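This report refers to the structure that appears directly beneath it.
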Amino acid sequence: MRLAFPRTSVSLLCALLIVGLLVLSAPHGALAQGGEARTIPARGQVTVARLNVRSAPSITAPIVARLSQGTMVQIQSISADGRWYQVKTGESVEGWLVAMYVSTVGETRARETAGNTAVAAAVSQTPSSSPSPTVTPTAAAPTITFPKGAVVATTNPPRTNVRSGPGTNYPVVASAPAGSRYEVIGVNAARDWYQIRLPNRQEPAWIFASLTTVSGNPENVPEVPETAIPAPPASTAGTASAPASAAAPAPAPVAAPNTSTGFGYGMSVNMWQGDKQGVANLLKQLGFGWAKQQIRWEFAEPEPGAIQWQEMDSIVDAMHSNGINLMFSVVTAPAWTRPNLGGTGGPPEDFQLFANFLGAIASRYCGRVQAIEVWNEQNLRREWEGFPLEPASYMDLLKRSYNAIKAACPSMLVISGAPTPAGYSDVAYDDIDYLRGMYQHGLKQYSDGVGIHPSGFANPPSVTFEDWQAGRYDAPSHVNHRSFYFLSTLRESRRVMEEFGDVNKRLWPTEFGWGSTPNPFPGYEYQVRIDEATQARWIVESFQIMANSGYVAVPMLWNLNYPRNTEMGAFAIVGRPAFDALRAMMGR
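Under mature numbering (1 follows the signal peptide of the UniProt record, and there is no 0), the residues of the sequence shown are numbered -32 to -1, 1 to 556, in order.
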């Protein structure tokens, strides 16, 4: 379960963009200690519901605090690229904020941070979406002066591939380090690739728009006629605008979706290297017929082809022998599948490797594992590192996985990865818009069920965002966006299914729940407002809502038994009134 920022108003973003342009127009370059200071805003105010404070100017740097909307900050310095403010609050919180989410008040003499460019490079940001160039001369950041009014793209990842045409099937002609700046002289018809000029290249080149930050209005950039764009290499023609995996498109579905699953009661459980039979006993006490276990691919296949089956075998044996249906939710790619991108927080560089792993699971456990959820919260950047944060990229992974699973075990259910409830921010893509984008790229044909995470935060399950808008409901926080409401996310997700005619399929809420603790982890402070009796009441009420909806299949409550001293433990129900309340609900 993750937190993400809600949508910021268009007018506010426009105003902040103007401020950002004024900052970016000033001379850049880190000043040495004691050098000349620049005039930047003295104070700022947080403009979104909650904003992460990070230890360094990078979206991958550790979060040191979270500030609520309206918090005033003292701006100490500005990053060399103008996109981050180093701030301090009256509560002695110090760190870095994304500048576009801070409205500025007044001006003062403040110093551009010395050596800030080096800090940003050391803390890796989102890597390039295409990690295997064949020609990689370094395209050093240009030092040219851009004409007045120019639209300028600044690269964000540690390395961005620059190509000869608008697509990942075009040859790589250079590799641009983070912070490289180029004038945008054209866009393709889809407006997702920018045409630029390199200092030492006569022909124009192209970069993927989502990997850059733009100053100026890209709508003013002319579209490059198709006749002026070089033809893609003959071997890969027809995929010129594919932004994600560079492999061939997935074939048509090998089997039609199975939408016959009725309502059931499920629970997210923690069995990995734990007491499998103990979990089975608890589920039987509750009368629940489904369990969801997360499988971290990085642990299961640490070396190519060396799948460690022992732990999965034990989990499957325990659930099957107790008559409990089992869903695996598979996440995190091994490091060997990301040799250029690094880390395990995103999919493999070759999506087919993940599909192959799921196919192996389906083959081994056909008839004993009933469902697989393909990835998790892929609309959150930390879960989709190295690839464009967009539905088309995920759908490439899902299509390959669907076919691999169905080819190995046609009866196994394929559940699409559930987006996290979110608005738009520097780290997230609105989950309802993301789901709509998944449908636009084939979700109806490549899934047996649609995964969602209808979180309730500290709001009752029967209350909606519309109730807050109409003044019928209020709470101290987490009220001013649809993603904060269980029922709103549930209903909006169903409306998207209806919009695309997928009315015979059901939603699978693979995570939902309410946490309760007097000592919440940072970002979960709202949990102190939920006592254990309220937690129990809301969980039962949410199951009743879904059981009566007619469009929900198997909700997986988050969670049964994660340790209490962890972030997940506030949601656990073992030894709490919620466990007894669910037993009573099930007539136990």
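Ideal placement from N, C-alpha and C gives every residue a C-beta, glycine not left out.
Note that this is a predicted model, so its numbers are computed, not measured.
Anticipated Cβ contact below 8 angstroms, residue i with residue j, distance rounded
i      : j      : result
VAL32  : LEU65  : Going by Cβ atoms, the distance from VAL32 to LEU65 rounds to 11 angstroms, so no, they are not a contact pair.
LEU381 : ASN226 : 6 angstroms
TRP265 : VAL299 : 7 angstroms
VAL464 : ILE400 : 6 angstroms
ILE175 : ALA121 : 7 angstroms
GLY483 : ALA538 : 3 angstroms
PRO387 : TYR402 : 5 angstroms
VAL21  : ARG34  : 7 angstroms
GLY491 : HIS449 : About 15 angstroms separates the two Cβ atoms, so there is no contact after all.
Sheet register partners of residue i (DSSP bridge)
i           : result
GLU62       : LYS56
ASN20       : ARG34
GLY234      : TRP258 and MET524
VAL155      : TYR162 and GLU191
VAL337      : CYS334
residue 561 : Residue coverage of the chain in this structure runs from -32 to 556, which leaves residue 561 outside it and unanswerable.
VAL140      : ARG131
VAL342      : VAL298 and SER384
LEU348      : ALA396
TYR150      : ALA121
Span of the alpha helix (DSSP H) around residue i
i      : result
MET280 : 278 to 289
SER183 : No alpha helix (DSSP H) holds SER183; the beta strand (DSSP E) holding it covers 180 to 183.
PRO359 : 359 to 376
Residue environment, residue i, which counts as buried when at least 16 other CB atoms sit within 10 Å
i        : result
GLY63    : buried
ASN527   : buried
PRO316   : buried
ASN168   : exposed
ASP281   : exposed
THR81    : Note on THR81: pLDDT 41, under 50, position unreliable in the model; no value is reported.
ASP243   : exposed
PRO30    : exposed
GLU353   : buried
ASP285   : exposed
PRO190   : exposed
LYS116   : exposed
GLU467   : exposed
GLY58    : exposed
ASP416   : buried
VAL(-10) : Unreliable placement is indicated for VAL(-10), whose pLDDT of 35 sits below 50; no coordinate value is reported for it.
GLY255   : exposed
GLU358   : buried
is_contact[residue i, chain B] using C-beta, thresh 7 angstroms
i      : result
THR123 : Although the question refers to chain B, the structure presented lacks it and comprises just one protein chain.
Coarse secondary structure for residue i, derived from DSSP in three states
i           : result
ILE507      : helix
VAL496      : helix
PRO145      : strand
PHE267      : helix
ALA396      : strand
SER71       : strand
TRP476      : strand
residue 629 : Nothing can be reported for residue 629: it is not among the residues displayed for the chain, which extend from -32 to 556.
MET40       : strand
THR305      : helix
SER92       : In this predicted model, SER92 has a pLDDT of only 29, less than 50, meaning its place in the structure is not dependable enough to derive any value.
GLU466      : helix
ARG405      : A small correction: the amino acid at residue 405 is Gly; Arg does not occupy that position in the sequence shown. DSSP places GLY405 in helix when its eight states are reduced to three.
TRP436      : helix
GLU460      : helix
ASN249      : helix
ILE197      : coil
PRO219      : coil
ALA443      : coil
THR229      : coil
GLY537      : helix
ILE513      : helix
SER451      : helix
GLN241      : coil
GLN170      : coil
ALA426      : coil
Terminal residues of the beta strand (DSSP E) in which residue i lies
i      : result
ASN293 : 293 to 299
ALA546 : Not the beta strand (DSSP E): ALA546 falls in the alpha helix (DSSP H), residues 545 to 553.
PHE176 : 173 to 176
GLY327 : Careful: GLY327 lies outside any beta strand (DSSP E), inside the alpha helix (DSSP H) at 319 to 333.
VAL382 : 381 to 384
GLN13  : 11 to 14
Residue i Cβ short of 6 angstroms to the ligand ZN heavy atom set
i     : result
PRO25 : Ligands in the displayed structure: none, and consequently the ligand ZN is not present.
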